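A.B. asks: Quick one: the structure is below, questions incoming.
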Amino acid sequence: MMRRGFWGYALQNKTLLLMLAPAVFFFILFAYVPMAGIVLAFKQYNNTGGIFGSPWNGISNFRFFFESGNAWMVTRNTALYNIAFIIVNNVLQIAAAIFLFEAVGKWFRKFSQTMLFLPYFISWVVVGAIAYNLFNYDVGTLNVMLKAVGMQPVDIYNTPSYWPVILVLVSAWKTLGYGSVMYLAAITGIDNEMYEAAEIDGANVFQRIWHITLPNLFPTVIILVLLAVGNIFRGDFGMFYNMVGNNGLLFSSTDVIDTFVFRSLTTSNEIGLSAAAGFYQSVLGFATILLANYAVRKYDKDHALF
Amino acid sequence: MSAIAQTGKSGVKRQTDIILLRVIGYIFISLLAVICFIPFLLVVSSSLSQESSIVEKGYQLIPAVWSTEAYSMLFKYPEQMLRAYGVTIAVTAIGTLVGLFVTAMTAYVLQRKDFRWRNQFAFFFFFTTLFSGGLVPWYMLIVTYLDLKDKLIVLILPMLLNVFYIIVMKTFMSSIPEAITESAKIDGAGDFRIFVQLILPLSKPVLATIGLFIALAYWNDWYNALLFVSDEKLMPLQYYLYKMLGNMDGMRKAMIASGAVVTTNIPTESLKMAMTIVATGPILLAYPFIQRYFVQGLTLGAVKG
Numbered sequence: 172m173m174r175r176g177f178w179g180y181a182l183q184n185k186t187l188l189l190m191l192a193p194a195v196f197f198f199i200l201f202a203y204v205p206m207a208g209i210v211l212a213f214k215q216y217n218n219t220g221g222i223f224g225s226p227w228n229g230i231s232n233f234r235f236f237f238e239s240g241n242a243w244m245v246t247r248n249t250a251l252y253n254i255a256f257i258i259v260n261n262v263l264q265i266a267a268a269i270f271l272f273e274a275v276g277k278w279f280r281k282f283s284q285t286m287l288f289l290p291y292f293i294s295w296v297v298v299g300a301i302a303y304n305l306f307n308y309d310v311g312t313l314n315v316m317l318k319a320v321g322m323q324p325v326d327i328y329n330t331p332s333y334w335p336v337i338l339v340l341v342s343a344w345k346t347l348g349y350g351s352v353m354y355l356a357a358i359t360g361i362d363n364e365m366y367e368a369a370e371i372d373g374a375n376v377f378q379r380i381w382h383i384t385l386p387n388l389f390p391t392v393i394i395l396v397l398l399a400v401g402n403i404f405r406g407d408f409g410m411f412y413n414m415v416g417n418n419g420l421l422f423s424s425t426d427v428i429d430t431f432v433f434r435s436l437t438t439s440n441e442i443g444l445s446a447a448a449g450f451y452q453s454v455l456g457f458a459t460i461l462l463a464n465y466a467v468r469k470y471d472k473d474h475a476l477f
Numbered sequence: 288m289s290a291i292a293q294t295g296k297s298g299v300k301r302q303t304d305i306i307l308l309r310v311i312g313y314i315f316i317s318l319l320a321v322i323c324f325i326p327f328l329l330v331v332s333s334s335l336s337q338e339s340s341i342v343e344k345g346y347q348l349i350p351a352v353w354s355t356e357a358y359s360m361l362f363k364y365p366e367q368m369l370r371a372y373g374v375t376i377a378v379t380a381i382g383t384l385v386g387l388f389v390t391a392m393t394a395y396v397l398q399r400k401d402f403r404w405r406n407q408f409a410f411f412f413f414f415t416t417l418f419s420g421g422l423v424p425w426y427m428l429i430v431t432y433l434d435l436k437d438k439l440i441v442l443i444l445p446m447l448l449n450v451f452y453i454i455v456m457k458t459f460m461s462s463i464p465e466a467i468t469e470s471a472k473i474d475g476a477g478d479f480r481i482f483v484q485l486i487l488p489l490s491k492p493v494l495a496t497i498g499l500f501i502a503l504a505y506w507n508d509w510y511n512a513l514l515f516v517s518d519e520k521l522m523p524l525q526y527y528l529y530k531m532l533g534n535m536d537g538m539r540k541a542m543i544a545s546g547a548v549v550t551t552n553i554p555t556e557s558l559k560m561a562m563t564i565v566a567t568g569p570i571l572l573a574y575p576f577i578q579r580y581f582v583q584g585l586t587l588g589a590v591k592g
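Protein sequences appear in the order of chains A and B. The opening position of the first sequence corresponds to residue 172 in this note's numbering, with each subsequent residue numbered one higher. The opening position of the second sequence corresponds to residue 288 in this note's numbering, with each subsequent residue numbered one higher.
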């Protein structure tokens with residue numbers, strides 16, 4: 172029985188629509204409804220008025236966010252960290268994937284992958300505990316070792332300048348196993364014949380890696396990097412919050428937009444400021460993803476997000 | 288073995304570069320593997336060290352003075368910890384089952400080529416990954432308007448579905464031949480029945496992989512508790528660990544809440560590490576068995592996606 176028209180089709184396929192309903196309802200509730208709350212960024216929130224009853228205050232919240240210097244600092248931190256993560260993590264993961272594929276035997280590869288994947292499975296809370304174990308001024312292992320060789324202990328948790336390095340290393344540590352699997356899969360797909368031809372032509376193994384493996388990985392890298400760039404203004408809240416905590420001394424070099432928004436909401440209860448910063452991040456993020464996707468489309472249409 | 292490092296075709300002269308590659312490779316990978324593993328050893332060792340030796344000499348790779356006092360204290364007053372375990376297990380079990388089912392169901396409909404509106408719905412879901420209202424409206428929705436604070440469901444519901452997982456499942460399911468659905472329809476089966484009785488059994492690999500990812504996310508979640516839970520009886524495992532690590536007060540309170548007497552001497556430093564091990568323990572135990580599935584799933588996903 173064929174039914175025509177919008178509602179006709181809907182009725183005919185009501186089971187399918189019902190099957191979609193839970194997910195649709197979920198995203199309406201938790202993703203689309205909150206979008207209406209963006210108005211909070213333009214209001215002076217008070218408890219009695221709620222979201223829709225509070226008075227408007229134009230762009231005051233934004234002005235406060237920018238004029239206080241916070242906007243620049245957290246934006247800069249977020250972007251710079253993400254750039255560093257993208258570069259360092261991908262280089263290490265590619266290197267690891269190449270060595271895992273080319274240089275080591277099967278059992279060693281499986282065993283070492285088990286080790287490499289370990290950090291991915293633990294929560295950032297546990298990573299925070301490990302960091303504490305290593306970096307604590309009085310009892311941390313790092314200072315124990317420094318003192319053992321006669322050097323001065325370092326006060327990691329009070330020195331902002333160490334943290335960019337620390338956080339980049341921690342990020343690499345946590346994602347190495349996961350990322351190298353992606354590249355390993357890509358390497359596995361490269362055609363054998365190219366290598367054989369190169370070897371016959373006299374290329375040594377390093378030349379073969381440089382001239383065949385890397386260029387063949389390039390499409391994968393480009394896409395992953397571009398998509399990561401699209402998210403350049405989104406910080407990993409879990410990492411920053413558990414590594415740095417509420418240690419205000421370190422904020423100048425470690426505070427990202429996400430932690431700033433969180434603290435403004437929960438600690439200082441500055442709803443308007445928090446909402447403004449959040450909106451700022453959403454808009455920036457949206458713009459960069461669109462740009463990144465446009466770039467990917469130009470490069471290779473199939474791999475674009477949309 | 289590998290494609291690049293095949294020997295034998297060009298004779299002995301070529302051996303040296305391959306040997307060099309292997310040497311560098313083994314050293315590099317070994318270093319990485321050690322760096323990944325050693326922190327865990329450190330935590331285990333620290334948890335088994337005597338508190339006074341930690342205070343005096345710090346956390347060591349091998350305990351200066353062995354002691355199980357931290358674990359003794361944890362297991363002597365285990366109430367809070369057991370409760371945290373209970374919360375986490377319940378949340379993970381329910382969340383994974385429900386989330387996995389809804390994800391699969393949604394993915395199935397989206398990949399049905401005969402469904403006229405699949406692209407529109409796909410965009411509807413996908414758009415949520417591009418733009419969001421931010422933390423504040425989401426927080427206010429859950430706390431003020433839905434009033435979910437300090438209820439078990441708040442640890443399950445907000446992170447139930449993930450668009451990325453829906454897409455992965457959709458990709459996998461689209462490789463299941465349409466003929467199966469078509470012939471079932473001819474036999475008179477309804478869409479839901481087709482999904483449950485035919486598609487799900489055929490999707491076991493992707494269900495296992497995504498299921499593991501979802502379960503891991505729930506097990507490790509502390510963010511929802513941080514935002515929405517202040518009731519001590521409702522704290523999940525990682526959040527409980529977070530509170531203990533935060534400060535001595537947190538630890539003291541937790542121990543007292545479990546029955547320790549106020550004046551008891553708490554081995555704070557080793558206790559932090561012991562608690563860390565206990566909070567991660569099950570994951571680390573299950574890890575060798577499930578790591579294989581993660582790698583397989585990721586590899587498949589990378590190839591297809």
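Cβ atoms here follow ideal geometry from the backbone N, Cα and C, with glycine treated the same way. It should be emphasised that the depicted structure is a prediction, and the values quoted were computed from it without experimental measurement.
On the three-state DSSP scale, how would you describe Trp404(B)?
C.D. replies: In this structure, Trp404(B) counts as coil in the three-state DSSP scheme.
A.B. asks: For the alpha helix (DSSP H) holding Leu514(B), just list the boundary residues, first then last.
C.D. replies: Here the alpha helix (DSSP H) through Leu514(B) covers 510 to 515.
A.B. asks: Assign Ile306(B) to one of two classes, buried (16 or more other C-beta atoms within 10 Å of its C-beta) or exposed (fewer than that).
C.D. replies: Counting Cβ neighbours within 10 Å, Ile306(B) comes out exposed, since fewer than 16 surround it.
A.B. asks: Could you tell me the boundaries of the alpha helix (DSSP H) in which Pro445(B) lies?
C.D. replies: Unbroken run through Pro445(B): none, as it is neither H nor E.
A.B. asks: If you count every other CB in all the chains shown that lies within 10 Å of the CB of Ser340(B), and 16 or more means buried, which is it?
C.D. replies: Its Cβ being crowded by 16 or more others within 10 Å, Ser340(B) is buried.
A.B. asks: Using only the alpha-carbon positions, how far apart do Phe223(A) and Lys214(A) sit?
C.D. replies: Whole-angstrom Cα-Cα distance: 9 Å.
A.B. asks: Considering just the uninterrupted stretch of the alpha helix (DSSP H) at Arg234(A), what are its terminal residues?
C.D. replies: Where Arg234(A) is concerned, the enclosing alpha helix (DSSP H) stretches over 231 to 238.
A.B. asks: Determine the direct distance from the alpha carbon of Glu469(B) to that of Arg403(B), and round the result to whole angstroms.
C.D. replies: One C-alpha to the other measures close to 16 Å.
A.B. asks: Would you mind stating whether Tyr412(A) and Thr430(A) have Cβ atoms separated by less than 8 Å?
C.D. replies: Yes.
A.B. asks: So, for Phe327(B): in the same chain, excluding its five sequence neighbours on each side, which residues have a beta-carbon less than 6 Å away from its beta-carbon?
C.D. replies: For Phe327(B), where only same-chain residues beyond five positions count, there are no Cβ hits under 6 Å.
A.B. asks: Starting from the Cα of Leu200(A), find the closest Cα among Gly373(B), Phe324(B), Ser419(B) and give me that residue.
C.D. replies: Cα-wise, what sits closest to Leu200(A) is Ser419(B).
A.B. asks: Going by DSSP in three states, Ser336(B) sits in which element: helix, strand or coil?
C.D. replies: Residue state, collapsed to three classes: strand.
A.B. asks: Any beta carbon of chain A sitting closer than 8 Å to that of Gly373(B)?
C.D. replies: No, Gly373(B) does not count as interfacial toward chain A.
A.B. asks: Reducing DSSP to helix, strand and coil, say where Val389(B) ends up.
C.D. replies: In this structure, Val389(B) counts as helix in the three-state DSSP scheme.
A.B. asks: With a threshold of 8 Å between beta-carbons, can Thr285(A) be considered close to chain B, or not?
C.D. replies: Output row for Thr285(A): interface = yes.
A.B. asks: For Thr186(A), return the contacting residues in chain B, with the cut-off set at a CB-CB distance below 7 Å.
C.D. replies: The answer, in chain order, is Gly477, Asp478, Phe479.
A.B. asks: Are the CB atoms of Leu319(B) and Leu340(A) within a distance shorter than 8 Å?
C.D. replies: Contact flag unset, no.
A.B. asks: Looking at C-alpha atoms only, which residue of Leu388(A), Gly449(A), Gly443(A), Ile301(A) is the closest neighbour of Thr563(B)?
C.D. replies: Ranking the options by Cα distance to Thr563(B), first place goes to Ile301(A).
A.B. asks: Considering only residues of the same chain and omitting the five flanking positions on each side of Asn253(A), which have a CB-CB separation below 6 Å?
C.D. replies: The residues are Ile403.
A.B. asks: Does any C-beta atom of chain A lie closer than 8 Å to the C-beta of Pro554(B)?
C.D. replies: Not one chain A Cβ lies under 8 Å of Pro554(B).
A.B. asks: Between the C-alpha atoms of Val195(A) and Phe412(B), what's the straight-line distance to the nearest angstrom?
C.D. replies: One C-alpha to the other measures close to 8 Å.
A.B. asks: Helix, strand or coil for Ala476(B)? Go by DSSP, reduced to three states.
C.D. replies: If DSSP states are grouped into helix, strand and coil, Ala476(B) belongs with coil.
A.B. asks: For Leu387(B), collect the residues of the same chain with a Cβ closer than 7 Å to its Cβ; drop the 5 residues on either side in sequence, then sort them by chain order.
C.D. replies: Leu494, Ile497, Gly498, Ile501, listed in sequence order.
A.B. asks: If you reduce the DSSP assignment to three classes, tell me which class Phe491(B) lands in.
C.D. replies: Reading the sequence as shown, one finds Lys at residue 491(B) and not Phe. Lys491(B) falls in the helix class under three-state DSSP.
A.B. asks: For Ile486(B), which residues in chain A fall below 9 Å Cβ to Cβ?
C.D. replies: Under the 9 Å cutoff, chain A gives no residues; its nearest Cβ is about 11 Å from Ile486(B).
A.B. asks: With C-beta atoms as the reference, is Leu436(A) less than 8 Å away from Ile428(A)?
C.D. replies: Not a contact, by the Cβ cut-off of 8 Å.
A.B. asks: Just to make sure I have the definition right: I need the residues of chain B whose C-beta is within less than 8 Å of the C-beta of Gln452(A). Which are they?
C.D. replies: Neighbours of Gln452(A) on chain B, chain order: Gly421.
A.B. asks: The alpha helix (DSSP H) with Pro290(A) in it runs from where to where?
C.D. replies: Its alpha helix (DSSP H) spans residues 277 to 292.
A.B. asks: Could you name the residues of chain B that Gly220(A) contacts, counting a contact when the two beta carbons are closer than 7 Å?
C.D. replies: The premise fails here: Gly220(A) is roughly 12 Å from chain B at the closest Cβ pair, so nothing lies under 7 Å.
A.B. asks: Taking all protein chains shown into account, decide if Trp425(B) is buried (16 or more other Cβ within 10 angstroms of its Cβ) or exposed.
C.D. replies: Under this definition Trp425(B) is a buried residue.
A.B. asks: Is the number of C-beta pairs between the segment 456 to 464 of chain B and the segment 381 to 400 of chain B that are closer than 8 Å three or more?
C.D. replies: The answer is yes - the segment 381 to 400 of chain B touches the segment 456 to 464 of chain B, with three or more Cβ pairs under 8 Å.
A.B. asks: Please determine if the segment 317 to 337 of chain A and the segment 257 to 265 of chain A are in contact, where contact requires at least 3 C-beta pairs separated by less than 8 Å.
C.D. replies: As far as the Cβ criterion goes, the segment 317 to 337 of chain A does not touch the segment 257 to 265 of chain A, which means the pair count is below three.
A.B. asks: Using a Cβ-Cβ cutoff of less than 6 Å, which residues in the same chain neighbour Asn387(A) once the five nearest sequence positions on both sides are dropped?
C.D. replies: Cβ neighbours of Asn387(A) beyond the five flanking positions: Ile361.
A.B. asks: Can you tell me which of the three DSSP states Lys530(B) falls into?
C.D. replies: Residue state, collapsed to three classes: helix.
A.B. asks: Check this for me: beta carbons of Gly406(A) and Ile460(A), under 8 Å apart or not?
C.D. replies: The answer is no: Cβ separation not under 8 Å.
A.B. asks: With a threshold of 8 Å on Cβ separation, who are the neighbours of Ser490(B) within its own chain once the five nearest residues in sequence on each side are excluded?
C.D. replies: So the qualifying residues of the chain are Ala391, Met456, Phe459, Met460, Ile463.
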